[in-house]
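Only one structure is covered here, and it is reproduced in the block below.
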Amino acid sequence: MKIGRDKLRQVLTIIGQMFPEAKGELDWDTPFHLLIAVILSAQTTDKAVNKITPALWAKYPTIEDLANADLTDVENSLRTIGLYKNKAKNIIKTAQLILADFDGHIPKTHKELEGLPGVGRKTANVVLGEVYGIPSIAVDTHVARVAKRLNISNQDAGVAEIEADLMKKVPKKDWVITHHRLIFFGRYHCLAKKPKCEICPLQSYCLYYKEQSKKA
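Residue numbers (the working numbering): 667 to 882.
Below you can see the structure in the form of structure tokens.
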């Protein structure tokens, strides 16, 4: 039986006290830069992306510059992150489509964003929430792990189901901050390999902790 709204509210209050300053950690200064940074962050850490984007923006300061960029040159700029060849193709094509189809503006809907190369539901949610303040919950690996360990979602739940569970139980006005706090909790406390269970204030809510305690 998954936890209900009341227990989830208690959980999120505690996580909010742990990480009151939770926010997106990708560096960006324009909506287009955020979109590109989120595309680049797939299966790569935000820190790794933040290391390469200053040089990328210096080389390609405008959408037009990236749209007209040489693929090999862009690949070389991305070489230190995972899947860099595919990401280089995607960000060039995305720049081209934004100029051709959206007059240089970042789209404001899931459907339009997800029509861009390298943009899935998670990336669209991040952009809508960060750029336009549109309530959204982006489910990345951290959010998915925490949702399952804390019994917010079923153990076999996919990304769409986890997003739906959270949207159903969390007030819409809190979706964006909840997304950030769950990411911080997963990134800095409820880690994949060595979660800080022994000092966690959520032990009584946590399926994972209860299972590990039984094994011990």
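All C-beta atoms, glycine included, are put in the ideal place defined by N, C-alpha and C.
Given the structure is predicted, the values throughout are model-derived calculations rather than measurements.
Run of the alpha helix (DSSP H) containing residue i, from where it starts to where it stops
i, result
"VAL842", "841 to 854"
"SER707", "That residue, SER707, is in no alpha helix (DSSP H); it is neither H nor E in DSSP."
"ALA795", "The residue you asked about is not Ala; residue 795 is Gly in the sequence shown. Start and end: 787 to 798."
"SER879", "873 to 881"
"LEU779", "776 to 779"
"LYS673", "671 to 684"
"ILE828", "825 to 835"
"HIS771", "Careful: HIS771 lies outside any alpha helix (DSSP H) and carries neither H nor E."
"LYS689", "Premise fails: LYS689 is in no alpha helix (DSSP H) and is neither H nor E."
"VAL809", "807 to 815"
Integer Cβ distance of residue i from residue j, believed to fall under 8 Å
i, j, result
"SER707", "ALA721", "Actually they do not touch by this definition, with Cβ atoms about 16 Å apart."
"GLY795", "VAL842", "4 Å"
"THR760", "LEU782", "5 Å"
"LYS753", "GLY784", "6 Å"
"PRO867", "ILE680", "5 Å"
"VAL805", "ILE828", "5 Å"
Inter-residue spacing [alpha-carbon to alpha-carbon] between residue i and residue j
i, j, result
"SER884", "VAL797", "The question about residue 884 has no answer, for the chain in this structure spans 667 to 882."
"LYS673", "GLN683", "16 Å"
"GLY799", "VAL704", "16 Å"
"ASP736", "LYS880", "56 Å"
"PHE698", "ASN716", "15 Å"
"TYR875", "ARG815", "8 Å"
"ALA733", "GLN762", "5 Å"
"ALA724", "ASP731", "10 Å"
"ALA813", "CYS856", "11 Å"
"LYS788", "ILE803", "8 Å"
"PRO837", "ASP739", "45 Å"
"LEU692", "GLN709", "14 Å"
"ILE653", "ASP831", "Since the first and last residues shown for the chain are 667 and 882, residue 653 lies out of range."
"ASN791", "HIS776", "7 Å"
* To do: At 4 residues or longer, and completely inside the segment 696 to 767: list those alpha helix (DSSP H) runs for me, N to C.
  => Taking only runs of at least 4 residues, the alpha helix (DSSP H) segments lying wholly in the segment 696 to 767 are 697 to 706, 712 to 725, 729 to 733 and 737 to 743.
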